[in-house]
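Residues 117 to 287, numbered by the working numbering, are exactly what the sequence shown covers, in order. The C-beta atom is built at its ideal place from N, Cα and C for all residues, glycine as well.
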Amino acid sequence: MVKWYEQGVCPNNKWEIFNGSKLQLIVRGPRKMRIAEFIWNKISQPRHRFIIWLAVQGRLLTKDRLRRMTISMDNTSCSLCDAQIVETQKHLFSNCVWTRGIITEMSQWSGMLIPTGDVKQVLEKIKRENWKQLKKEITAALWASVVYHVWQARNWKLYRGAKMTIGTTVT
Ligand SMILES: [Zn+2]
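Here you go:
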């Protein structure tokens with residue numbers, strides 16, 4: 117921490133190099149780190165934790181990432197909806213109408229409000245909510261399960277070409 121302060125640079129190269137005041141560095145650095153407790157929380161299933169951890173780092177192999185890796189594809193559109201929008205991680209987990217439907221159903225079923233945003237923003241918003249720690253962990257675990265099952269559904273549809281509707285059970 118002292119080293120970051122002196123150098124004005126976060127040690128993880130995925131983090132922004134922060135040119136603002138040193139005070140802001142201190143405030144912003146740890147806030148980013150603290151969502152780790154919601155990724156690796158005790159409630160989430162290990163496979164859910166692993167997928168959300170990859171998603172937070174932007175490491176899931178979405179079609180836009182595959183294309184940037186010069187892997188040719190017939191179609192780069194989202195596999196889960198009919199919007200003909202390029203499948204980015206942000207679309208898949210935040211904007212996709214299919215995913216929004218899953219989030220709404222999950223919120224209604226659990227009675228827990230899952231915040232909106234990309235994978236990381238949702239965890240950051242849960243962190244900032246004025247909730248008891250257990251409620252934060254349950255909500256984070258719900259979000260991890262949404263991310264996991266959306267990713268499973270996307271893979272299932274992409275590789276098996278199956279038509280999916282909201283309510284389809286994904287195993
Ligand atoms: Zn979509």
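Could you tell me which residues DSSP pairs with residue i in its beta bridges?
i           : result
residue 202 : 193
Classify residue i: buried if its beta carbon has 16 or more other beta carbons within 10 angstroms, exposed otherwise.
i           : result
residue 270 : buried
residue 245 : exposed
residue 218 : buried
residue 262 : buried
residue 277 : exposed
residue 203 : buried
residue 188 : exposed
residue 173 : exposed
residue 275 : exposed
What does the shell around ligand 1 hold, if a residue joins when its beta-carbon is under 5 Å from any heavy atom? Checking every Cβ against the heavy atoms of ligand 1 under 5 Å gives 194, 196, 197, 212.
Is it true that the region 236 to 256 meets the region 152 to 160, where meeting means three or more beta-carbon pairs spaced less than 8 Å apart? Flag = yes, the region 236 to 256 and the region 152 to 160 touch.
Touch check for the region 252 to 268 and the region 161 to 178: three-plus C-beta pairs under 8 Å? With a cut-off of 8 Å, the region 161 to 178 and the region 252 to 268 count as touching, because enough Cβ pairs lie within range.
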